Each structure stands twice: as structure tokens, then as C-alpha cells.
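J.: Residue numbers (the working numbering): 46 to 505. Following this message is one structure expressed as C-alpha cells.
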């Protein structure tokens with residue numbers, strides 16, 4: 046680009062991180078030419094809503110669109126190339142090779158700054174025939190395809206591969222549709238990253254809801270004649286006329302890797318707090334990129350919609366000539382399985398010890414509301430803190446009405462507060478909303494008692 050020409054910013058990927066980057070760049074530099082390359086048919090949609098679309102809680106797929114396409118192309122003056130894929134990144138010449146996925150037309154896009162927001166792809170079993178009735182859960186097209194299959198194929202038996210939050214959300218969605226559901230996971234138990242206690246609470250809810258769960262079962266293949274009829278593991282063959290792959294995601298970092306960009310944990314693109322990669326004027330954001338953990342201060346891979354939007358804003362501002370940074374994230378996670386809510390934030394005790402903290406934990410069972418008020422339900426809270434300083438490091442909760450309680454702990458961790466600070470927090474109280482001693486405060490008081498115990502000297 047000539048010195049007198051407007052800056053040209055190219056964004057590869059048009060969902061949360063990509064459109065956040067493009068929109069922020071437009072606000073920073075009104076004169077820039079901004080081009081978004083998106084391999085799918087949609088941009089800027091809520092992929093996290095796909096399980097609720099499949100369940101029927103959301104009526105129309107279009108309801109998941111954050112904005113119509115014209116908001117970007119007309120109002121924000123962002124050129125969007127739908128159904129186009131970036132094939133090659135030439136960082137020496139500062140250009141990207143792009144191909145239309147329909148017309149196969151090849152073109153090169155020059156850039157002054159580039160944002161890679163290529164996202165992640167769903168993990169799938171390797172090998173086996175390409176059968177109808179097998180789905181992933183990453184894009185709006187995935188959700189639409191599942192809806193069409195449920196309406197036209199009328200399946201009755203479903204297998205969900207993956208017993209993490211997404212797998213459980215999909216299990217609820219399909220059970221709500223009236224299917225008999227089995228959840229499979231290769232790991233010894235469900236919900237990696239959560240405690241055994243939290244996993245036990247969820248397993249109990251699964252039994253109550255008629256959802257079968259089999260752990261330690263690695264999927265080898267799917268059987269069927271054009272249409273899936275069964276899932277095969279080393280120990281059994283499980284009938285299924287619908288299979289949903291929800292066993293995690295892998296960052297789409299091949300384009301970056303081929304161009305020589307440094308990769309970090311899990312093969313994600315390594316970035317600093319300004320979303321800069323190892324190559325000048327190339328940024329990365331969202332599910333393809335690493336992020337700094339606020340507690341451990343380590344570079345980690347935690348793909349989340351909230352993180353993607355934050356990273357996208359930072360990448361877009363900096364690519365347009367600004368100066369922004371994202372200090373880090375806590376990996377805050379919450380999901381529901383029917384009427385049960387499960388969430389965590391920060392580090393658990395094992396993670397904290399691995400990060401070098403003298404970790405201690407305390408757990409309590411409280412109530413979501415005053416015990417005499419209708420609808421009061423159990424709330425289990427586990428806090429993790431540094432035993433030597435009392436600094437809050439993380440929390441896990443299961444039960445009812447936990448999401449905003451998790452946010453209270455997240456805010457306290459962001460502020461560097463201790464369990465004593467949390468125990469003295471003046472939280473709101475009224476019988477319909479909380480007991481007079483909120484479960485968060487109860488857990489902090491329990492932790493406080495443990496931390497006050499004298500530390501025994503070695504050999505005592």
C-alpha cells in the first residue's frame with residue numbers, strides 16, 4: 046500500500062472475535078479499508094445459543110444473529126467476503142491468498158495489518174464413513190443442519206460424544222426433543238476441570254432426567270449404510286440414529302503455523318496482551334489464540350465467547366493504530382443442565398498448586414434463598430485461596446442461581462481480594478433472592494476459619 050493510501054486491514058474470520066476487531070478498527074480509523082474473510086454463510090452470531098436452538102427454546106436460527114449483515118457492510122463500511130477461505134499467508138509480502146469456497150476464484154489481499162480470528166474446529170473421531178446424522182456444534186450452519194435433521198429424519202436415539210459443558214447442553218437439548226440420549230466420554234469421568242463433587246451432582250441429575258452416561262469409552266467409529274446407525278467403542282456398539290460430536294475443540298491455527306507464527310498451548314496462536322503475534326502487524330484473537338490467565342499469569346488456551354469478543358476489540362484497536370491491552374482472563378464458565386447450574390472461575394486447588402501457590406480449599410452447602418421462601422434450593426460453593434496470604438484464587442459452584450454469585454467471586458479475584466474481604470462483603474439480602482448469610486459469604490467464612498489454624502512446622 047502506498048503511504049498516501051488509507052490503511053487496509055484484513056480480518057480472517059467473521060464471528061465474535063473477527064467482527065469485534067473489524068468494528069473496533071472502524072471506530073479507531075474511520076478512513077481505513079476493512080475486509081473480513083469468512084468461510085461460512087453468516088457473520089456475528091451467538092454460537093453458544095446453538096444447543097438452545099436445537100432444544101426449541103429459540104424459535105428461529107436468525108434470532109442468533111447479533112446484527113444483520115447490512116449493519117457491517119452499510120452502516121460500518123466493512124467489506125465482508127462470505128464463503129471465502131484464506132489459503133496462504135505471506136507475511137514477507139504482507140498479503141493473504143483467498144479463495145471463494147463456491148466459485149474457487151483465487152485472489153490476493155494486501156494488508157497493512159492483519160487479524161487472524163480463525164476460531165476453532167470441533168474434534169471428531171478419525172476414520173470411518175461420512176454418514177448422515179453425524180453433527181458437530183461449532184457454526185450456525187451446524188445448528189440449522191441439526192434442526193432440519195430432527196424435523197425430517199425424526200431420530201429417536203442420540204449419542205452425544207463429550208461430557209463437558211457443551212456435551213451436557215446438547216444432551217439436554219436432545220432429551221428435551223424427546224430423544225433417548227447417551228453421553229459418551231473417553232475420560233474416566235465427566236466434566237474435566239471440575240471437582241469430583243460437582244461431577245457427582247451432575248451425574249445424579251442425569252439419572253433423574255433419564256440420560257445415560259458412559260465414561261472411559263473412546264469412540265472408534267460410526268456404523269451405518271449412508272445413515273448412522275451405531276457408535277462403536279472398544280467395548281461395545283451403541284445404537285444411535287443421531288450422533289453429536291461435542292468433545293472439545295482444536296484451534297484453527299494451520300494458516301498461522303504455515304506462515305511461521307509462534308504457537309502456544311494446545312497449538313493456539315501465541316499472543317501477548319496486545320494480541321500481537323510473533324510477526325509484526327499480525328494479530329490474533331478468539332478461539333484460535335492463547336490468552337493470559339490472571340491468576341497463574343501463564344499463557345493458556347481457554348476458548349470462550351466472552352474472551353473472543355474482548356480479544357477482538359483489543360486486536361482491532363491495535364491493528365488500526367491504537368494502543369489497547371487485555372490484562373487476562375479467569376476462564377469463567379457457567380452452564381445449565383435442566384434445572385441444575387454448574388460453574389467455576391479462576392483456579393481450583395490442583396491447578397493452583399501446579400502454578401506454585403500454597404493452595405487451600407473450603408466447601409459449604411447453602412441455600413439459594415431464605416430457607417422458608419418458596420423455591421429455595423441447595424447451593425454448593427468451594428473456594429480456593431492461597432493459604433499463606435488468604436488471596437482468593439478460584440471458586441466452583443453447583444445448584445441454583447449461581448451465575449451472579451460466581452461473578453461476585455470473579456470481581457473479587459480481579460481486585461486481588463482475600464477471603465477476609467469476601468467474608469465482609471455487603472451483599473444484598475431479601476428472602477426471595479438470598480439467605481441473610483449468602484452462600485458466597487458462608488464459604489469465605491469457612492475458608493477464613495481454616496486459614497486461621499496455625500501452620501505446623503515440619504516434623505511436628
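A virtual CB, placed ideally from N, CA and C, is assigned to each residue, including glycine. Predicted model, so just to flag it, every value in this text is computed and none were measured.
#1: Taking the C-alpha atoms as reference points, what is the distance between residue 250 and residue 161?
#2: Would residue 71 and residue 79 be called neighbours here (beta carbons separated by less than 9 Å)?
#3: Any contact between the segment 208–215 and the segment 125–145? By contact I mean 3 or more CB pairs, one from each, below 8 Å.
#4: Using CA atoms only, rank isn't needed, just tell me which of 238, 110, 154 and 59 is closest to residue 378.
#5: Please list, in chain order, all residues of the same chain as residue 303 whose beta carbon is under 8 Å from its beta carbon, the five residues on each side excluded.
#6: Relative to the C-alpha of residue 301, which candidate in 364, 333 and 458 has its C-alpha closest?
#7: For the beta strand (DSSP E) containing residue 296, list its first residue and its last residue.
#8: Using DSSP with H/G/I as helix, E/B as strand and the rest coil, what is residue 227?
#9: From residue 479 to residue 262, what distance separates their C-alpha atoms?
#10: Is it true that the segment 125–132 meets the segment 95–109, where meeting means three or more beta-carbon pairs spaced less than 8 Å apart?
#11: Rounded to the nearest angstrom, how far is the Cβ of residue 444 from that of residue 390, given a contact under 8 Å?
#12: For residue 447, count neighbouring Cβ atoms within 10 angstroms of its own Cβ and tell me buried if that reaches 16, exposed if not.
#13: Does residue 147 come out as helix, strand or coil in the three-state DSSP assignment?
#14: To which residues of the same chain is residue 154 closer than 7 Å at the C-beta, ignoring the five residues directly before and after it?
#15: I need the straight-line Cα distance from residue 195 to residue 459, nearest angstrom please.
#16: Measuring CB atoms only, is the segment 343–360 touching the segment 183–198, in the sense that at least three cross pairs come out at less than 8 Å?
#17: Taking residue 210 as part of the alpha helix (DSSP H), name the residues at either end of that continuous run.
#18: Output the boundary residues of the beta strand (DSSP E) element that contains residue 442.
#19: Between the Cα of residue 376 and those of 342, 407 and 222, spot the shortest distance and give me the residue it belongs to.
T.: Concretely, from the data shown:
#1: In the chain shown, counting from the first residue as 1, residue 250 sits at position 205. In the chain shown, counting from the first residue as 1, residue 161 sits at position 116. Cα-Cα distance, rounded: 40 Å.
#2: Along the chain shown, one-based indexing puts residue 71 at 26. Along the chain shown, one-based indexing puts residue 79 at 34. Yes. Within cutoff.
#3: Flag = no, the segment 208–215 and the segment 125–145 do not touch.
#4: On the chain shown, residue 378 is found 333 positions in, with the first residue counted as 1. Measuring C-alpha to C-alpha distances from residue 378 to each of 238, 110, 154 and 59 identifies 238 as the nearest.
#5: The residue given as residue 303 occupies position 258 in the chain shown. Excluding its 5 nearest sequence neighbours in each direction, residue 303 has C-beta neighbours in its own chain below 8 Å: 133 and 134, listed in chain order.
#6: Here residue 301 refers to the residue found at position 256 when the chain shown is read from its first residue. Comparing Cα positions, the closest option is 333.
#7: Here residue 296 refers to the residue found at position 251 when the chain shown is read from its first residue. Unbroken beta strand (DSSP E) run through residue 296: 294–296.
#8: Against the chain shown, residue 227 aligns to sequence position 182. Note: residue 227 maps to strand in three-state DSSP.
#9: By one-based count along the chain shown, residue 479 stands at place 434. By one-based count along the chain shown, residue 262 stands at place 217. Looking at the two C-alpha atoms, the distance is approximately 41 Å.
#10: No, because fewer than three Cβ pairs between the segment 125–132 and the segment 95–109 fall closer than 8 Å, the two stretches do not touch.
#11: Numbered from its first residue, the chain shown carries residue 444 at position 399. Numbered from its first residue, the chain shown carries residue 390 at position 345. Residue 444 to residue 390, Cβ: 15 Å. No contact.
#12: Residue mapping note: residue 447 aligns to position 402 of the chain shown, counting from 1. With 16 or more other Cβ atoms within 10 Å, it is buried.
#13: Taking the first residue of the chain shown as position 1, residue 147 is located at position 102. In the three-state reduction of the DSSP assignment, residue 147 falls in the coil class, being assigned neither a helical nor a strand state.
#14: On the chain shown, position 109 is the one that residue 154 refers to. Once the five neighbours on either side are set aside, the close Cβ partners of residue 154 are 55, 80, 140, 141 and 143.
#15: Indexing the chain shown from 1 puts residue 195 at position 150. Indexing the chain shown from 1 puts residue 459 at position 414. C-alpha separation (whole angstroms): 43 Å.
#16: The answer is no - the segment 183–198 does not touch the segment 343–360, with fewer than three Cβ pairs under 8 Å.
#17: In the chain shown, the residue the question calls residue 210 occupies position 165. Per DSSP, the continuous alpha helix (DSSP H) segment holding residue 210 begins and ends at 210–221.
#18: As a working note, residue 442 is residue 397 in the chain shown. For residue 442, the uninterrupted beta strand (DSSP E) segment begins and ends at 437–444.
#19: What you label residue 376 is simply residue 331 of the chain shown in a count that begins at 1. For the residues 342, 407 and 222, the minimum Cα distance to residue 376 belongs to 342.
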